[in-house]
Amino acid sequence: MAGKHNDEHAAQLERWAREGREGPPPILAATVILLRDGTDGLETLMLRRNSKISFGGMWVFPGGRVDPEDWKGVDEGDDLAASRRAAERESVEECGLRVDSATMVPFSHWTPPPVTPKRFQTWFFAARPQDGRVSIDDGEIKESLWLSPVEVLRRQGIREVELAPPTYVTLFELSE
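Structural data, given as structure tokens:
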């Protein structure tokens with residue numbers, strides 16, 4: 194399957210260049226904003242990524258690229274459906290929490306500008322996880338915390354946490 198995925202990516206790069214588009218083609222990805230009711234209001238699960246990988250050391254929501262298996266049974270070109278599956282899968286892989294992709298609410302869609310060296314075209318979904326405990330692997334993910342959006346932004350303001358712009362904007366919108 195990895196060979197097929199590499200062939201598809203090579204074909205995408207070739208089409209992108211032929212069409213005269215600038216920058217690398219974006220990689221389809223998905224993120225799920227896990228929400229729960231806390232004692233003082235809305236909380237979201239934040240994960241700190243390993244400093245040695247993409248977005249290293251940053252605090253993120255569970256998520257990642259859309260893999261070939263996320264496309265199984267999905268109509269060709271239905272990026273939203275494949276992204277829902279990826280978000281569901283990534284939640285289990287990164288924090289051990291299950292979410293039902295049918296209950297995910299599209300929250301936002303981000304595509305970095307062409308000058309970005311590695312671009313992820315990312316769907317953000319909001320969802321409540323099914324019952325369960327957060328479980329991280331201490332490999333890709335180093336730490337997890339349920340925090341209010343306001344608290345995450347406070348910590349970012351005093352440089353305790355690092356956030357990518359889409360995560361910051363999402364937390365700001367949730368804090369409102």
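Residue numbering for the sequence shown follows the numbering used here, beginning at 194 and increasing consecutively.
Beta carbons are placed, not taken as given, at the ideal position from N, Cα and C, and that holds for glycine.
Rounded C-alpha distance that separates residue i from residue j
i: E262; j: D324; result: 25 Å
i: R413; j: L227; result: This structure does not reach residue 413, given that the chain is present from 194 up to 369, and the question cannot be answered.
i: D272; j: T315; result: 10 Å
i: D331; j: F254; result: 16 Å
i: T309; j: P219; result: 10 Å
i: G350; j: S368; result: 14 Å
i: R347; j: V362; result: 13 Å
i: E366; j: F317; result: 13 Å
i: A222; j: T232; result: 32 Å
i: R312; j: W303; result: 10 Å
i: A279; j: S294; result: 9 Å
i: R291; j: P306; result: 32 Å
Identity of the residues DSSP links to residue i by a beta bridge
i: W316; result: A223 and H302
i: R229; result: E236
i: V327; result: In DSSP, V327 forms no bridge with anything.
Beta-carbon contacts of residue i that lie in its chain and below 6 Å, excluding the five residues immediately before and after
i: A275; result: V259, D263, W264 and V267
i: E333; result: N243
Cut-off 8 Å between Cβ atoms - residues of its own chain near residue i, not counting five sequence neighbours on either side
i: V345; result: T237, M239, W252, V354, L356 and L364
i: E336; result: L240, R241 and I329
i: T296; result: A320 and R321
Continuous alpha helix (DSSP H) stretch holding residue i: start and end
i: G350; result: P342 to G350
i: G283; result: A small correction: the amino acid at residue 283 is Glu; Gly does not occupy that position in the sequence shown. Taken as a continuous stretch (DSSP letters only), the alpha helix (DSSP H) holding E283 covers D272 to C288.
i: E333; result: Taken as a continuous stretch (DSSP letters only), E333 belongs to no alpha helix (DSSP H), as it is neither H nor E.
Cutoff 7 Å; reference residue i; Cβ partners in own chain excluding five residues on either side
i: R282; result: D263
Extent of the continuous beta strand (DSSP E) run through residue i
i: T237; result: G234 to R242
i: R258; result: G256 to R258
Report task. Could you say if the region 287-297 and the region 233-244 meet the contact criterion of at least three C-beta pairs nearer than 8 Å? Result -> yes
Requested in this report: Would you check if there are 3 or more beta carbon pairs closer than 8 Å linking the region 340-348 to the region 228-236?
Outcome: yes
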